Amino acid sequence: ANVNLTDYIKACANICSEQFKAELIATAIAQQLQVTRAAIKCFECGEQGHIRKQCPKGQKGNKKPNKPCPRCQKEFHWSNQCQSKYDKNGNPL
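Position 86 of the sequence shown, counting from 1, maps to 86 under the UniProt record's numbering, and the rest follow consecutively.
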């Protein structure tokens with residue numbers, strides 16, 4: 001390889017640049033995240049690499065809605081599973 005003094009100077013100039021430091025930090029953080037993620041164990045299936053909320057198994061049919069029941073307006077359950085006889089204002093359903 002034919003490398004001259006100018007190439008060395010350009011290479012050394014990048015060592016202290018802010019972009020170079022940012023790239024080093026980003027690489028270090030990415031590597032640490034991979035190690036941390038691999039050590040995480042799911043409480044749903046027991047496998048490593050994800051948490052219960054992100055588990056590809058289970059919870060698909062057991063997920064509760066994020067809004068109150070449209071029928072009774074009292075709790076967070078599906079309207080087809082609503083067993084309330086009265087709505088949140090006490091009116092019969």
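C-beta: ideal position from N, C-alpha, C; glycine also. Remember, it's a predicted structure, so these values are computed and weren't measured experimentally.
Check the Cα spacing between Asp87 and each of Trp78, Gln81, Asn80 and Pro70: the tightest is with Pro70. Taking 8 Å as the cut-off, the beta carbon of Gln31 is found no closer than this to the beta carbon of Ala38.
DSSP, reduced to helix, strand and coil, places Gln48 within a strand of the structure shown. Measuring C-alpha to C-alpha distances from Glu44 to each of Leu33, Val35, Thr36 and Lys57 identifies Lys57 as the nearest.
By the C-beta density criterion, Cys72 is buried, having at least 16 other C-beta atoms within 10 angstroms. Assignment of Lys53 by DSSP, reduced to helix, strand and coil, places it in the helix class.
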